[in-house]
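The structure appears below as structure tokens.
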Amino acid sequence: MFDTPSSNDEILQKVVQFEDMLKGKSFTFFDVDDYEKIVDYYIDVEMTSKAISALDFGLNQFPNDLTLSLIKVEVLNSKQLFDDSYRLLKSLEQFYPNNIDILFNLGKIYSITNRIQTAKIYFENTLNLIRVNDSYNDLLSDIAYEFLQIGQNFHAIEVMKRILEINPDDESTMMEIGIA
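What the sequence shown shows, in the numbering used here, is residues 32 to 211, in sequence order.
The structure is reproduced here in structure tokens:
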């Protein structure tokens with residue numbers, strides 16, 4: 032996240048401005064990128080309550096921003112607030128029914144809550160969308176892992192074969208196929 036000293040200073044300055052705003056000392060307008068940087072900072076330093084606060088401010092200002100919403104899903108999941116995460120994802124799904132990240136995260140929630148058949152459907156839908164949009168190929172390993180977690184080894188192996196078609200030298204996938 033911190034590429035250069037100047038970008039690090041810029042991020043810290045945004046965080047200080049945000050905290051001053053929380054304390055009522057000032058009001059600052061932040062754009063979506065600023066909120067993402069502030070939230071990433073809080074996540075990196077393991078201050079999830081402040082990350083959620085920054086996300087809430089950002090989503091109040093930019094209620095339709097998908098990136099901030101998906102970051103909030105990740106934070107909620109890390110705090111094991113799966114019901115909150117589920118509600119947010121279902122509301123996002125209404126507006127973005129074919130969004131790979133939303134469908135994949137819903138599949139994970141269903142998997143975590145032992146709704147295996149529904150999780151399988153969401154993972155299959157995600158996989159079908161990735162076949163159309165190969166810019167999400169990096170998500171294939173996660174899908175294979177999730178299929179393994181819900182006992183769908185055949186599906187996991189099929190996904191791993193696809194990974195090996197894309198990258199035949201992927202040693203970790205070769206080992207995972209042997210285990211699956």
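The beta-carbon is built from N, C-alpha and C at its ideal position, and this holds for glycine as well. If you're wondering where the values come from, they're calculated on a predicted model, not measured in any experiment.
According to DSSP, is residue i part of a helix, a strand, or is it coil?
| i | result |
| --- | --- |
| T204 | helix |
| S57 | coil |
| V63 | helix |
| T144 | coil |
Among residues of its own chain, excluding the 5 on either side of residue i, which ones have a beta-carbon nearer than 6 Å to its beta-carbon?
| i | result |
| --- | --- |
| I131 | T157, L160 and Y167 |
| F135 | T157 |
Locate the alpha helix (DSSP H) running through residue i, then write down its first and last residues.
| i | result |
| --- | --- |
| T98 | L97 to S109 |
| S166 | Here S166 belongs to no alpha helix (DSSP H), and DSSP marks it neither H nor E. |
| F126 | F113 to F126 |
Please list, in chain order, all residues of the same chain as residue i whose beta carbon is under 7 Å from its beta carbon, the five residues on each side excluded.
| i | result |
| --- | --- |
| M32 | Low confidence applies to M32: its pLDDT is 47, below 50, so where it sits in the model is not reliable enough to give any reading. |
| L18 | The first residue shown for the chain is 32 and the last is 211, placing residue 18 beyond what the model contains. |
| S10 | Since the displayed the chain opens at 32 and closes at 211, residue 10 lies outside it and no answer follows. |
| A82 | V70, Y73, I74 and V106 |
| I188 | I208 and A211 |
Cα separation between residue i and residue j?
| i | j | result |
| --- | --- | --- |
| L179 | K110 | 23 Å |
| L195 | D201 | 6 Å |
| S142 | D114 | 13 Å |
| N164 | L170 | 11 Å |
| F154 | S57 | 45 Å |
| L123 | L86 | 16 Å |
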